[in-house]
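Have a look at the structure below, then the notes.
Numbering (our numbering), first residue to last: 109 to 525.
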């Protein structure tokens, strides 16, 4: 019998002509391109020495199956980690533990679970939930305890070469107010294009971040009818251009500011989905780097749970400019909304260590990070939650500058003014 082409294996959710309305209709060649992009571009390829964890829910199996095949064909060892449908983003615990468990139970993850994470060399997370509202309505203490319990595993994931993508599901389509066909088409089209052209536009901004000492962000509070100004130091920060190496889809220039330098106020208007609920219309006020007041028009309880997780969740860990002009629709999922060209986002919580190091493998790297953390420049937290302000026409954004040099939005891309 002639061997079948290893790339032609239409999974049960990928057959053209399949009429099951609960399954997205994604062409087999699109799934193949998606998987190849993640393995060859995002992960930088796979070698026989690599053990690649591929994590996601059963509903995302069509893409996970192709990822598994790509890893095998490249000579690596796949570790397929199917998580239960009530497990947001593949956390160590599910919504059941969050609702019914105690903090002591949450801190008692099995040793084999940690060993499994420690053994991987590369990591692909396929977001996409059957029930994204599983975590909705959690008590603030439970949500905070869950995030703290997941921190050691999050640290392991981030210490490896990793990438996150999102598989379209009926529940996510409903969350966005789209039909499954519309939603799947938008997600897939955004996820299979070559992301390298984004780098050219991002490289024009990087020198401003690199040389900059202070960033100023001015937004408009629509209810209070006043401008808000937020300032932060970039003096010890390194910019990162993002073009499909960590997120697919992608498109941002980001860095982690000096966390204790953040001062002033900001309003962020675009809705972001977090913990099963929409959070939007966010107002934050900072004094000496710490959030001293916060409010949200929608999702106030969820915002309170985020901010109240630990001491680091009262500080900023990231500031970034969305650079993808192809994302014309601002979906609520943070993987998409933060990349929209002409937006700006900040993240409440954990800083990115690579935003302070030229060479993460240098002998002095560890000591440098500890010194920055001791001074409060590098922020550590179990949270890292992106929230987004729209600087396109009609949004709350007004002005952004670095050392007085303006950045403006042209053709849905940030450019030096």
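Backbone N, C-alpha and C define an ideal beta-carbon position, used for all residues, glycine too. Computed from a predicted structure; not experimentally measured.
Cβ distance (whole Å) where residue i is taken to contact residue j below 8 Å
| i | j | result |
| --- | --- | --- |
| residue 291 | residue 236 | That pair is no contact at about 11 Å. |
| residue 338 | residue 370 | 7 Å |
| residue 414 | residue 421 | 6 Å |
| residue 380 | residue 442 | 5 Å |
Where the beta strand (DSSP E) containing residue i begins and where it ends
| i | result |
| --- | --- |
| residue 65 | What the structure shows of the chain is the stretch from 109 to 525, and residue 65 is not part of that stretch, so it cannot be assessed. |
| residue 578 | Because residue 578 is not part of the residues shown, which for the chain are 109 to 525, the question remains open. |
| residue 187 | 185-191 |
| residue 452 | 451-457 |
Span of the alpha helix (DSSP H), counted from its first residue to its last, around residue i
| i | result |
| --- | --- |
| residue 312 | 305-319 |
| residue 205 | 203-208 |
| residue 511 | Counting along the chain, residue 511 falls outside any alpha helix (DSSP H), and DSSP gives it neither H nor E. |
| residue 482 | 473-483 |
| residue 300 | Residue 300 -> no alpha helix (DSSP H), and no H or E assigned at all. |
| residue 140 | 136-144 |
| residue 174 | 169-181 |
| residue 442 | 442-445 |
Exposed unless 16 or more other CB atoms sit within 10 angstroms - verdict on residue i
| i | result |
| --- | --- |
| residue 426 | buried |
| residue 221 | exposed |
| residue 366 | buried |
| residue 451 | buried |
| residue 447 | buried |
| residue 249 | exposed |
| residue 482 | exposed |
| residue 273 | buried |
| residue 74 | Only positions 109 to 525 of the chain appear in the structure, and residue 74 is not among them; the question remains open. |
| residue 287 | exposed |
Those residues which DSSP pairs with residue i across a bridge
| i | result |
| --- | --- |
| residue 355 | 272 |
| residue 231 | 161 and 270 |
| residue 393 | 373 and 401 |
| residue 328 | 335 |
| residue 362 | 348 and 428 |
| residue 524 | 515 |
| residue 386 | 381 |
6 Å CB neighbourhood of residue i in its chain, flanking five on each side removed
| i | result |
| --- | --- |
| residue 480 | 464 and 486 |
| residue 256 | 490 |
| residue 246 | 206 |
| residue 409 | none |
Beta-carbon contacts of residue i that lie in its chain and below 7 Å, excluding the five residues immediately before and after
| i | result |
| --- | --- |
| residue 306 | 351, 358, 359, 431 and 432 |
| residue 437 | 294 |
| residue 134 | 122, 170, 292 and 296 |
Chain-order list of residues whose beta-carbon lies under 8 Å from that of residue i (same chain, five-residue window excluded)
| i | result |
| --- | --- |
| residue 399 | 392, 393, 415, 422, 423 and 456 |
| residue 372 | 336, 337, 338, 339, 393 and 394 |
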